[in-house]
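Taking it in order: structure first as structure tokens, then the write-up.
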RNA sequence: GCGCUCGUAGCUCAAUUGGAUAGAGCGUCGGCCUCCGAAGCCGAAGGUUGUGGGUUCGACCCCCGCCGGGCGCACCA
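Numbering (the numbering used here), first residue to last: -9 to 579.
Right, dumping it as structure tokens:
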């Protein structure tokens, strides 16, 4: 028998490869059937081959079946529809196979053939500004992708590219010197820094003298003025302390936090290199990268079409005042990451509005470091907006951005009220802890469930309704399983438990559990944790069906042991799967 | 104006990247607690996938044209 950590689809694919060898090279893909009437797994390979060879798909399917040796695993194969081959797993084979799953620490997730190294750039809050609702998707997505990649067996570097440099610091410095409230700073540093920033920013718009004063503070900072540098360091320290508190609360960690300022020493050199190599040229006093005229104009990020045809859409790498901007910083960052970690992949988790920027960035980098660029997959993993009930960006009633800590507080408060209502006899401390896990989980799950590219409507009622496809539903499935083991009283050792798969609900559950290992690599292909969320919801639903129809503690002998084993496996997959989404699974709720 | 992106059940979203009769949740209607936690389960109703063409064995998915929304278009990031 193949090593356990080969998924069933991979097992069938390898057999299919040998069965189709005589047809020439073709990608053998077997996927879980989307409808139980079509068996457990299906492949459309016969139709692919038939198209290539202009043959009859059903005849090709028959020829493949004649070569396919799966009699031990599957019931006799059927050809269905236009030429699908359907696989139905034999319950005896499944039961035997499932026994291996029970003692597998990796829960059936195969070791990757080639371990990748991913730098994942996510969260990226700004110094001197409180984290807000705009940071949740990047933070949750980046964290989930990091956890998943790591669990699958890849190496991950979590990099928080904080915004610690830029023109806003002129205003904040001016405000710090003239308007700072020390008590307010001590109470909530980010709130106070934001207040003085907004104050000066508004004043700058109305008053040229203030604007000039702010610009002078910025020039002093950039030229190394000691006082301003010291204040700036203080702002970073205060901000980082609050970021750390939020991340600790969220269970998010980073391997490195290298802000934009870290790359300042490289910026001049980046521009010089781009200039010397003819990649950037001067335009209206600024230095910009233009199209290299290679490739189709419609795929060229440096061209844009207007009524007179294609015109330039350059990327600026140095402003006319001599300062660099974010494209330059991102180029320096990219170079640093490649030279430091030699990643196979760099993933940027930001909102969709930055698509053009990243297309230009990747294109510039390819021209600047073509040999290095060829070694790495650069991915802009973008996401849509979080909207309010009105379909507009999510704001407070008064129109302000929603602070992340306020959002988390409210989630826990609402969860606390619900837990108290549902479970009034639990102690205050227990209810608080459950509310924390459930409230946080609800927010994270609601964010990770939709396709990342869609905008989604933020709704407390929905995520905390505790019905349907929500974190609490999944957590509850876990809790119910744990209750069974508490009630059983005896210690349950999985070992090499022989499993009986007789009832339809038992079979469905075992099959679904075995698919955990098929889902995770797929999630990483397109960086879509929502596929894991969907899988977990389906698993929990199937478990609930099993729970209704297959009594565990009331059954006896081998059936009881077998069902306990199914429960144990489900609990482990649920806990692990939720954990990969950054969500905890409570013992009671 | 140009580009990106989205348009799927009353509402909120999926759809294994071109596969079979498009699925969930909420809401609506009808069932199930002397039975391991009912935060659950079972069932019903609900669709010309914005629209008109095209490509092929097969299209929510790819191509072309419209309609509508969001975002972006060099000195913010």
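Backbone N, C-alpha and C fix where the C-beta goes; we use that ideal spot for every residue, glycine too.
Ranked by how close their Cα comes to the Cα of residue 118, the residues 156, 399, 428 and 373 have 156 in first place. Annotated three-state conformation of residue 148 is strand, per DSSP. With respect to residue 307, residue 323 sits apart: the two C-beta atoms are not nearer than 8 angstroms.
For the pair of segments examined, the segment 528 to 542 was found to touch the segment 493 to 506: the number of CB pairs separated by less than 8 angstroms reaches three. Among the bridge pairs identified by DSSP, residue 377 is matched with 383 and 447. The three-state secondary structure of residue 213, taken from DSSP, is coil. Runs of alpha helix (DSSP H) with 4 or more residues, each lying fully within the segment 175 to 226, are found at 179 to 196 and 198 to 212, listed in chain order. Here residue 29 is buried. Its C-beta has 16 or more other C-beta atoms within 10 Å. Residue 320 and residue 351 have their C-alpha atoms some 7 angstroms from each other. Excluding residues up to 5 positions away in sequence, 319, 322, 323 and 326 lie with their Cβ nearer than 7 angstroms to the Cβ of residue 253 in the same chain. In the displayed model, residue 367 falls within a strand according to three-state DSSP. Close CB contacts of residue -5 within its chain, under the 8 angstroms cut and outside five residues either way in sequence, are with 94, 96, 98, 99, 100, 101 and 507 (chain order).
As computed with DSSP, residue 300 is found in a beta bridge with 295. The alpha-carbon separation between residue 71 and residue 60 amounts to approximately 21 angstroms. In this chain, the alpha helix (DSSP H) harbouring residue 317 covers 316 to 331. When DSSP reads this structure, residue 273 sits in a beta bridge with 276. In the three-state scheme derived from DSSP, where H, G and I count as helix and E and B as strand, residue 306 is classed as strand. Measuring C-alpha to C-alpha distances from residue 214 to each of 255, 190 and 182 identifies 255 as the nearest.
Three or more beta-carbon pairs separated by less than 8 angstroms link the segment 571 to 579 to the segment 124 to 138, which places the two stretches in contact. A contact between stretches requires three or more CB pairs, one per stretch, nearer than 8 angstroms, and the segment 400 to 416 fails this requirement with the segment 473 to 492.
Taking C-alpha positions only, residue 112 is separated from residue 369 by approximately 12 angstroms.
In chain order, 490 place their CB closer than 7 angstroms to the CB of residue 549, counting only its own chain and leaving out the 5 sequence neighbours on each side.
The beta carbon of residue 239 sits closer than 7 angstroms to the beta carbons of 398 from its chain, once the five residues preceding and following it are set aside; these are given in chain order. Sequence-distant Cβ neighbours of residue 47 in its own chain, meaning closer than 7 angstroms and more than five residues away, are 36, 37, 40, 72 and 73. By DSSP's assignment, residue 372 forms a beta bridge with 340. If you look at residue 88, you'll find it in the alpha helix (DSSP H) that goes 81 to 92.
Within the DSSP bridge table, the entry for residue 70 names 74 as partners.
Excluding its 5 nearest sequence neighbours in each direction, residue 188 has no C-beta neighbour in its own chain below 8 angstroms.
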